[in-house]
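Here the working numbering is used: the first residue of the sequence shown is 1, the next is one more, and so on.
Glycine is no exception: its CB is placed at the ideal position from the N, C-alpha and C atoms.
Because the structure is a prediction, the values reported are computed rather than measured.
Below is one structure, written out as structure tokens; the observations come after it.
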Amino acid sequence: MSEHRAADIATTSAMYDFVQERESAARTYANRFKLVFERASGMRLYDLEGREYLDCLAAAGTLALGHNHPRIQGAVEEFLGSGALQQALDLTTPVKYHFLKRLYQCLPARFAENARVQFCGPTGADAIEAALKLFKTATKRNSIIAFHGAYHGMTSGSLALTGNLTAKNFMGGLMPDVHFMPYPHPYRCPFGLGVEGYRASLAYMEQVLSDPESGITLPAAVVVEVVQGEGGVIPAPIDWLRGLRRITAEAEVPLIIDEIQTGFGRTGEMFAFEAADIEPDAVVVSKALGGGYPLALMLYHKRYDAWTPGAHAGTFRGNQIAMVAGTATMDILLEDELIKAVQEKGEYLAVRLAELADRYPRVGDVRGRGLMWGLEIVDPDGPLDMVGNPPPDGMAARAIQRECLANGLILETGGRHGSVVRILPPLIINPLELDEVVARLDRALCAIHG
Ligand SMILES: Cc1ncc(COP(=O)(O)O)c(C=O)c1O
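Spelled out as structure tokens, the structure:
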């Protein structure tokens with residue numbers, strides 16, 4: 001234990017209380033335990049008392065390469081001492097040039113060929129807001145289609161597209177004319193049809209976009225996540241994504257894919273939509289894009305570039321540190337076959353988590369892709385729903401989360417009623433660490449099963 005930590009064991013309590021008393025009641029995970037985190041490396045965090053934790057939250061999926069990756073850190077340190085501009089609005093700089101070159105290498109070639117980019121920093125929600133504005137301007141239409149369970153952010157427009165009602169209750173005056181369609185969700189199928197439900201979702205969408213009596217004017221865009229993250233880790237079937245692309249293209253409705261959480265290797269592809277081999281009209285990215293620093297942008301087909309100079313702006317769009325860190329991140333993702341390894345690790349994790357589901361009736365469903373997984377926790381004795389599954393149990397999910405923390409494993413809960421235990425480690429997690437994550441989760445499940 002370092003000297004200053006040893007000096008005052010009460011420091012954790014004092015620091016925690018100081019922050020907790022001042023920070024808003026909107027705090028979530030950090031509300032539930034009295035810990036102060038001091039250091040981090042790779043996928044490990046260390047609290048003030050020197051205890052080690054495996055981090056399966058990774059700053060909500062932001063830290064693709066883990067905490068303090070030496071190459072990112074090296075690039076940032078070199079940049080900080082270089083005398084280069086730190087903030088540059090939308091000026092051209094060598095840093096921006098190299099960042100964009102790398103970014104375009106990451107994009108599928110067909111999409112890259114016609115892609116324009118709008119820097120929208122600093123957060124994912126900012127990029128969503130920009131996308132809404134651009135596509136309304138370009139199409140001269142007002143309505144937007146989003147999906148049940150979607151999460152696109154907490155600002156007025158992005159919250160209007162978000163499914164979760166806790167954040168929306170009492171928020172009259174959000175962006176109007178947003179319409180929600182059923183997202184394919186085999187385990188909680190809104191049509192009660194299970195795995196075949198995605199066909200009904202497509203049929204419904206096709207009907208809405210073509211029916212002159214649907215009540216919904218032709219939308220400026222459809223906005224979708226390929227794997228819903230905050231909504232409870234729900235991967236859309238490939239055939240649904242292809243169907244959605246076909247239907248939107250036929251109706252001449254732009255398709256915006258939100259890759260804020262899934263982008264840059266998270267699902268075992270550079271971008272999650274690549275698994276379906278579709279071409280969206282726009283892609284919105286953030287989180288891993290800035291290598292741990294805030295940066296968000298929108299990429300879109302040049303045919304929609306309807307803005308005039310100044311039509312969209314923002315002070316922190318030229319965050320050069322984030323571009324340096326993001327370039328280093330993309331260098332590593334492109335060079336190291338890391339994304340192929342994510343696929344393999346995901347397949348391994350799927351098997352190990354399915355074993356847990358076999359042993360513990362409280363694990364109702366296991367779903368995910370790459371290194372983005374969720375275990376839906378249920379009350380096995382509760383009444384079955386239309387698909388034949390027991391009800392979600394958010395209390396039990398939180399109890400598992402607490403047990404995991406006691407075992408040195410940090411993970412978040414999400415989804416309906418907070419019933420999904422989420423596993424979102426840095427992509428650099430190694431096989432031993434994967435096993436350790438499963439072992440600690442196993443212990444937590446065992447503890448709550450009694
Ligand atoms: C899919 C998706 N879209 C948008 C956002 C909003 O990003 P931010 O929190 O940076 O505003 C998030 C955040 O978790 C997200 O997961």
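Beta-carbon gap between residue i and residue j smaller than 8 Å
| i | j | result |
| --- | --- | --- |
| Leu103 | Ile332 | no |
| Leu297 | Val117 | yes |
| Leu353 | Val342 | no |
| Ile278 | Arg245 | yes |
| Ser286 | Leu299 | no |
| His148 | Gly124 | no |
| Trp373 | Ile423 | yes |
| Gly368 | Gly268 | no |
| Arg317 | Cys120 | yes |
| Leu289 | Phe264 | yes |
| His312 | Lys133 | yes |
| Thr11 | Leu48 | yes |
| Val351 | Ala131 | no |
| Tyr198 | Pro184 | yes |
| Ala397 | Val421 | yes |
| Val36 | Tyr16 | yes |
| Ala444 | Cys404 | yes |
| Thr62 | Gly292 | yes |
Where residue i falls: helix, strand or coil (DSSP)
| i | result |
| --- | --- |
| Tyr46 | strand |
| Met181 | strand |
| Pro237 | coil |
| Val95 | helix |
| Pro392 | strand |
| Val222 | strand |
| Gly346 | helix |
| Arg352 | helix |
| Thr413 | strand |
| Tyr204 | helix |
| Met1 | Because Met1 carries a pLDDT of 47, less than 50, the predicted location of this residue cannot be relied on, and no value is offered for it. |
| His449 | helix |
| Ser13 | helix |
| Met270 | coil |
| Ile72 | helix |
| Ser158 | helix |
Counted within 10 angstroms of its Cβ, other Cβ atoms place residue i as buried (16 or more) or exposed
| i | result |
| --- | --- |
| Phe170 | exposed |
| Ala439 | exposed |
| Ser82 | exposed |
| Ala7 | Confidence in Ala7 is poor, its pLDDT being 48 and thus under 50, which makes the residue's placement too unreliable to answer from. |
| Lys136 | buried |
| Lys34 | exposed |
| Leu384 | exposed |
| Lys340 | exposed |
| Tyr97 | exposed |
| Cys446 | exposed |
| Gln86 | exposed |
| Ala75 | buried |
| Thr413 | buried |
Integer Cβ distance of residue i from residue j, believed to fall under 8 Å
| i | j | result |
| --- | --- | --- |
| Ile410 | Asp55 | 5 Å |
| Val253 | Leu161 | In fact, because the Cβ distance is near 15 Å, the residues do not count as touching under 8 Å. |
| Gly232 | Arg416 | 6 Å |
| Ser419 | Gly394 | 5 Å |
| Gly172 | Glu129 | That pair is no contact at about 19 Å. |
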